[in-house]
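**Q** Right, I'll just put the structure down here and ask away after.
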Amino acid sequence: MFFNKTAEQKEAAKKMKEIVKSNKAIIKKFEDEKKRKNVPASEYQTAMKNPDNILEIDNLHTYFYTDMGVVRSVNGVNIEIPQGKTVALVGESGCGKSVTSMSVMKLIMGPSGQITNGAIRYNRASGPIDIVKTPISEMQHIRGNEISMIFQEPMTSLNPVFRIGAQIEEAIMLHRPDVPKSDLKAQTIKMLELVGIARAEGVYASFPHELSGGMRQRVMIAMSLCCNPKMIIADEPTTALDVTIQAQVLELLRDLKDKIDASILLITHDLGVVAEMADYVVVMYAGRVAEQGTAHEVFLNPKHPYTIGLIKSKPVVNQLVERLYSIPGAVPNPVNLPNHCYFKDRCDKCIAACNGAIPELKTLEGGHKVACHLYTQGGH
Amino acid sequence: MSEVILKVDNLKKHFPIKGGLLQKVVGHVKAVDGVSFEVKKGSTFGLVGESGCGKTTAGRTLLRLHENDGGSVIFDGKDIFALNQKELRDIRPEIQLIFQDPYSSLSPKMPVGEIIGEAVREHKLVPEKELRNYVMQIMRECGLQDHHIDRYPHEFSGGQRQRICIARAIALKPKVVVCDEPVSALDVSIQAQVINLLMDLQRDRGISYVFISHDLSVVEHISDEVGVMYLGNLVEKAPREEIFKNPMHPYTKALFSAIPTPDPTVKMNRIVLEGDIPSPAKPPAGCKFHTRCQSCMEICKVTRPEYKDYGNEHFVACHLYNKQ
Chain A
6 MFFNKTAEQK EAAKKMKEIV KSNKAIIKKF EDEKKRKNVP ASEYQTAMKN PDNILEIDNL
66 HTYFYTDMGV VRSVNGVNIE IPQGKTVALV GESGCGKSVT SMSVMKLIMG PSGQITNGAI
126 RYNRASGPID IVKTPISEMQ HIRGNEISMI FQEPMTSLNP VFRIGAQIEE AIMLHRPDVP
186 KSDLKAQTIK MLELVGIARA EGVYASFPHE LSGGMRQRVM IAMSLCCNPK MIIADEPTTA
246 LDVTIQAQVL ELLRDLKDKI DASILLITHD LGVVAEMADY VVVMYAGRVA EQGTAHEVFL
306 NPKHPYTIGL IKSKPVVNQL VERLYSIPGA VPNPVNLPNH CYFKDRCDKC IAACNGAIPE
366 LKTLEGGHKV ACHLYTQGGH
Chain B
-12 MSEVILKVDN LKKHFPIKGG LLQKVVGHVK AVDGVSFEVK KGSTFGLVGE SGCGKTTAGR
48 TLLRLHENDG GSVIFDGKDI FALNQKELRD IRPEIQLIFQ DPYSSLSPKM PVGEIIGEAV
108 REHKLVPEKE LRNYVMQIMR ECGLQDHHID RYPHEFSGGQ RQRICIARAI ALKPKVVVCD
168 EPVSALDVSI QAQVINLLMD LQRDRGISYV FISHDLSVVE HISDEVGVMY LGNLVEKAPR
228 EEIFKNPMHP YTKALFSAIP TPDPTVKMNR IVLEGDIPSP AKPPAGCKFH TRCQSCMEIC
288 KVTRPEYKDY GNEHFVACHL YNKQ
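Just so you know, the protein sequences line up as chains A and B, in that order.
Basically my numbering = 1-based index in the first sequence + 5.
Going by my numbering, the residue at position 318 of the second sequence is 305; the numbering climbs one at a time, nothing skipped.
Given below as structure tokens:
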């Protein structure tokens, strides 16, 4: 038995070496592309499909080249975010929702993580650009300035050794050179007041550990808003908070969105939060979009068996059920994804077609899109 | 069914705050400050509240993982805090705990069979020869495949790990299991699987649960009776139907209205509480909730409201209902 195992291990080691070798070649190609200097603007300028959209994610593929094999975190995702609307990205952990948002910011951790295919068209004031092709030096003007991000864990995303004031001032100083140094403090305090912090002067001089979770998240929001972004990516902004504080933060986000007329890409796994905040919903499963549509359509008339299961498996207050519905099984291994529908093994509505090719996203009535074989033959 | 298995009476746990050069005790964090409830045999008591309200400390103190600072816990006719070490050890298998985070509560160096079987062997619940079979049987019961018995925790997903934690608790044939946020770290679809498992085990084995959670929808689903905690005190306690249909305490009302509903057509009249939970080291005088309460009266700032029964086993501590 002992010898068997070593033979097995040898086999695995050999396989891993091969993977590492092939990964190296692929990664080098992408990294060389990234390192190019003085990329002409014409290379990344593009045209929007629909000029009313602020962001169009088109057939995005983000892969991670690990020693165990290629992890296809985002595997052909299409999302459109109209100007001034909130789009929610829902899914379980590991479905690729955070990687999608990181791709938009071009913050994918290299060298193993690479955007391999697709386009992210961003409707900039000076003309639309394709973020995938935009060089990092140009991205630095966009990050924080035009597209900003609110992270999940406010304690780990604030620097514990600097005062709150200094951390917000830094963002203003970097991105808005027009603000004179003497105005920095006034500007920072104005931002803190905007997010509903009562004693802004006191918070300005505090360290992160002196604040409660809700306050810290407000500071994070203030920081992300200080450059008047056109788009905000909120990655699980309320997951670490209590319900009462969550209610405060959601109220604040809704309020601010109208005040500064920004679009929001909201990433969450809480269906309740989605129903409250979002105009459009995108449901992701194993790196692909399972279903998308308006919030009304997706919640009241869900089509994909995964969405139906997700909605049914969440207990709702004042709606008692004898037994919760649960989706059997678990998410497939992202290294060895099957070549049929990824949800097939957990699905209770499987048909013969499910053994075939991976279903494509198909438009039903009212802009409702679903990737499921049940709906490919024009009805079920 | 109505037999009381666990009776918690005015339980208190104060943690000292040390300060100054000589590390003198300069104050106390009153984490649990007089909590009373009963758990009936085969039923579930849900304990809800925001983070820092003392629900986890309450759960741990009633297992005597912390020594108490007043009050008593009567389990099956015995006062847990009056037992000596030997007696306490004998009673341990009957009252078990499931932790929140299945990633940090399983030893990474132990195979699953050892994790589940260790305490069983220590307490000599089954003969050594049958131990392995017994562990396999428990694993099957908890929805794990029994041939995984020699695997290590890192080979399992989050939901499976929580099943291992549940199996570890269930293997000792407990009468009461304290579940401290058992599903908070899990995804929605996995959460439903674990909740169903807990409820099946309760039905088959007649276990009583103390279910600690901040997720009200989960608590409503699983509990027979619900207690709402705020800053170390129970502010309201009632049977499930009663408390969700007719919440009385302003904090409970705000808490319930803050839950987002997964239905975009529902527009709720949300009560948004101002500010944060006060520090438990310096709780406000009078009613502890008065700093955030929307129906605060003069009396609330001075006198602490009494915790009284207002019919239908509905206990509330609030001055609003004291006038009648």
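We put the CB at the ideal spot given by N, CA and C, even for glycine.
Just grab the DSSP bridge partners of Gly298 of chain A for me.
**A** Position 293 of the first sequence, counted from the start, is the residue given in the question as residue 298 of chain A. According to DSSP, which records beta bridges pairwise, Gly298 of chain A is partnered with A:Val286.
**Q** Assign Gly218 of chain A to one of two classes, buried (16 or more other C-beta atoms within 10 Å of its C-beta) or exposed (fewer than that).
**A** Looking up residue 218 of chain A in the first sequence gives position 213. Classification for Gly218 of chain A: buried.
**Q** Which of helix, strand or coil does DSSP assign to Asp37 of chain A?
**A** As a first step, residue 37 of chain A must be located in the first sequence, where it is residue number 32. Asp37 of chain A falls in the helix class under three-state DSSP.
**Q** Answer with yes or no whether the minimum CB distance from Phe198 of chain B to chain A is below 9 Å.
**A** By 1-based counting over the second sequence, the position of residue 198 of chain B is 211. Judged by the 9 Å Cβ criterion, Phe198 of chain B is not in contact with chain A.
**Q** Scan the segment 286 to 311 of chain A for residues whose Cβ lies nearer than 8 Å to a Cβ of chain B and list them as they occur along the chain.
**A** With the criterion set as a beta carbon lying under 8 Å from some beta carbon of chain B, the members of the segment 286 to 311 of chain A are Ala300, His301, Phe304, Leu305, in sequence order.
**Q** So what does DSSP say about Lys96 of chain B, is it helix, strand or coil?
**A** Start at 1 with the first residue of the second sequence, and residue 96 of chain B comes out as number 109. Reduced to three states, the DSSP call for Lys96 of chain B is coil.
**Q** Is it a yes or a no for the segment 155 to 163 of chain B touching the segment 131 to 146 of chain B, going by three-plus beta-carbon pairs under 8 Å?
**A** no
**Q** With burial defined as no fewer than 16 other Cβ atoms inside 10 Å of the residue's Cβ, what is the status of Phe167 of chain A: buried or exposed?
**A** For the purposes of this step, residue 167 of chain A is taken as the residue at position 162 of the first sequence. Of the other Cβ atoms in all chains shown, fewer than 16 fall within 10 Å of the Cβ of Phe167 of chain A; this residue is therefore exposed.
**Q** When you compare only the Cα positions, how much space is there between Ala69 of chain B and Met107 of chain A?
**A** Along the second sequence, read from residue 1 onward, the residue named residue 69 of chain B stands at position 82. Along the first sequence, read from residue 1 onward, the residue named residue 107 of chain A stands at position 102. C-alpha separation (whole angstroms): 56 Å.
**Q** Within 9 Å of any Cβ in chain B, is that where the Cβ of Ala205 of chain A sits?
**A** Numbered from its first residue, the first sequence carries residue 205 of chain A at position 200. By this cut-off, Ala205 of chain A is not an interface position.
**Q** Asn2 of chain A CB to nearest chain B CB: under 9 Å?
**A** Outside the modelled stretch of chain A, which goes from 6 to 385, sits residue 2 of chain A, for which no answer is possible.
**Q** Using only CA atoms, which one of A:Ser268, A:Lys138, A:Tyr127, A:Pro337 lies nearest to Glu48 of chain A?
**A** Sequence index remark: in the first sequence, residue 48 of chain A carries index 43 (1-based). Out of A:Ser268, A:Lys138, A:Tyr127, A:Pro337, A:Lys138 has the C-alpha closest to the C-alpha of Glu48 of chain A.
**Q** At a Cβ threshold of 9 Å, is Val205 of chain B touching chain A?
**A** Along the second sequence, read from residue 1 onward, the residue named residue 205 of chain B stands at position 218. Judged by the 9 Å Cβ criterion, Val205 of chain B is in contact with chain A.
**Q** Taking the continuous beta strand (DSSP E) assigned at Leu221 of chain B, which residues delimit it?
**A** As a working mapping, residue 221 of chain B is identified with position 234 in the second sequence. Start and end: 220 to 226.
**Q** Leaving aside the five residues before and after Val206 of chain B along the sequence, list all residues of the same chain whose C-beta is less than 7 Å from its C-beta, in chain order.
**A** For the purposes of this step, residue 206 of chain B is identified with residue 219 of the second sequence, where counting begins at 1. The residues are Gly33, Val35, Phe198, Ser200, Val213.
**Q** For the beta strand (DSSP E) that contains Val215 of chain B, what are its first and last residues?
**A** As a position in the second sequence, residue 215 of chain B is number 228, starting the count at 1. Where Val215 of chain B is concerned, the enclosing beta strand (DSSP E) stretches over 212 to 217.
**Q** Between which two residues does the beta strand (DSSP E) carrying Cys166 of chain B extend?
**A** Numbered from 1 along the second sequence, position 179 holds the residue referred to as residue 166 of chain B. Run containing Cys166 of chain B: 163 to 167, per the beta strand (DSSP E) assignment.
**Q** Could you tell me which whole alpha helix (DSSP H) segments of length 4 or greater appear in the segment 297 to 336 of chain A?
**A** 300 to 305, 310 to 317
**Q** Counting Cβ pairs, one atom from each stretch, are 3 or more of them under 8 Å apart for the segment 136 to 143 of chain B and the segment 94 to 101 of chain B?
**A** yes
**Q** With three or more C-beta pairs closer than 8 Å as the rule, is the segment 177 to 196 of chain B touching the segment 108 to 122 of chain B?
**A** no
**Q** Does any residue of chain A bring its CB to less than 9 Å from the CB of Ala225 of chain B?
**A** Here the question's residue 225 of chain B lines up with position 238 in the second sequence. For Ala225 of chain B, the closest Cβ of chain A is not nearer than 9 Å.
**Q** Per DSSP, Ser153 of chain A is paired with what?
**A** Against the first sequence, residue 153 of chain A aligns to sequence position 148. Looking at the DSSP assignment, Ser153 of chain A forms a beta bridge with A:Ile237.
**Q** Along chain A, which residues have their Cβ under 7 Å away from the Cβ of Gln180 of chain B?
**A** Here residue 180 of chain B refers to the residue found at position 193 when the second sequence is read from its first residue. In chain order: Ser331.
**Q** From this set, A:Asn341, A:Pro337, A:Pro165, which residue's C-alpha is nearest Thr98 of chain A's C-alpha?
**A** Numbered from 1 along the first sequence, position 93 holds the residue referred to as residue 98 of chain A. A quick correction: the sequence has Ser, not Thr, at residue 98 of chain A. Among A:Asn341, A:Pro337, A:Pro165, the Cα nearest to that of Ser98 of chain A belongs to A:Pro337.
**Q** Return the Cβ separation of Ala317 of chain B and Leu329 of chain A in integer angstroms, given the expectation that the two are a contact with Cβ distance under 8 Å.
**A** The structure shown has nothing for residue 317 of chain B, since chain B only spans -12 to 311.
**Q** Rounded to whole angstroms, how far is the Cβ of Val294 of chain A from the Cβ of Val287 of chain A, which I believe are closer than 8 Å?
**A** In the first sequence, counting from the first residue as 1, residue 294 of chain A sits at position 289. In the first sequence, counting from the first residue as 1, residue 287 of chain A sits at position 282. So it is a contact: roughly 6 Å between Cβ atoms.
**Q** Distance check for Ile230 of chain B and Ile356 of chain A, CA to CA, integer angstroms please.
**A** Taking the first sequence and counting its residues from 1, the one referred to as residue 356 of chain A is at position 351. Taking the second sequence and counting its residues from 1, the one referred to as residue 230 of chain B is at position 243. The alpha-carbon atoms of Ile356 of chain A and Ile230 of chain B are separated by roughly 44 Å.
**Q** Check the Cβ of Ser229 of chain A against every Cβ in chain B and list those closer than 7 Å, keeping chain order.
**A** By 1-based counting over the first sequence, the position of residue 229 of chain A is 224. Correct list: empty, because the minimum Cβ distance to chain B is about 21 Å.
**Q** Please report whether the beta-carbon of Met6 of chain A lies at a distance below 9 Å from any beta-carbon of chain B.
**A** Along the first sequence, one-based indexing puts residue 6 of chain A at 1. For Met6 of chain A, the predicted model reports a pLDDT of 48, less than 50, meaning its position is unreliable; a value from the coordinates is still stated below. Not a single C-beta of chain B is nearer than 9 Å to the C-beta of Met6 of chain A.
**Q** Whole angstroms are fine: how far does the CA of Ala335 of chain A sit from the CA of Ile264 of chain B?
**A** For this step, residue 264 of chain B is matched to residue 277 along the second sequence. For this step, residue 335 of chain A is matched to residue 330 along the first sequence. Approximately 37 Å, taken between the alpha carbons.
**Q** Using DSSP with H/G/I as helix, E/B as strand and the rest coil, what is Ile380 of chain A?
**A** Start at 1 with the first residue of the first sequence, and residue 380 of chain A comes out as number 375. Note on residue identity: the sequence assigns Tyr, not Ile, to residue 380 of chain A. The answer is helix: DSSP assigns Tyr380 of chain A an H, G or I state.
**Q** Would you say Lys90 of chain A and Ile152 of chain A are within 9 Å of each other, going by their C-beta atoms?
**A** Along the first sequence, one-based indexing puts residue 90 of chain A at 85. Along the first sequence, one-based indexing puts residue 152 of chain A at 147. Going by C-beta atoms, Lys90 of chain A is not nearer than 9 Å to Ile152 of chain A.
**Q** Identify which residue in B:Met216, B:Asn220, B:Pro226, B:Val222 has its Cα closest to the Cα of Ser210 of chain B.
**A** The sequence position of residue 210 of chain B within the second sequence is 223, counting from 1. Nearest of B:Met216, B:Asn220, B:Pro226, B:Val222 to Ser210 of chain B, Cα basis: B:Pro226.
**Q** Taking its Cβ as the centre, do 16 or more other Cβ atoms sit within 10 Å of Tyr90 of chain B, making it buried, or is it exposed?
**A** In the second sequence, the residue the question calls residue 90 of chain B occupies position 103. Looking at its Cβ environment, which holds fewer than 16 other Cβ atoms inside 10 Å, Tyr90 of chain B is exposed.
**Q** Starting from Gly14 of chain B, follow its DSSP beta bridges and name the residues at the other end.
**A** Sequence index remark: in the second sequence, residue 14 of chain B carries index 27 (1-based). Gly14 of chain B pairs with B:Ile4.
**Q** Can you tell me the Cα-Cα spacing of Thr193 of chain A and Ala239 of chain A, whole angstroms?
**A** As a position in the first sequence, residue 193 of chain A is number 188, starting the count at 1. As a position in the first sequence, residue 239 of chain A is number 234, starting the count at 1. Roughly 21 Å separates the two Cα atoms.
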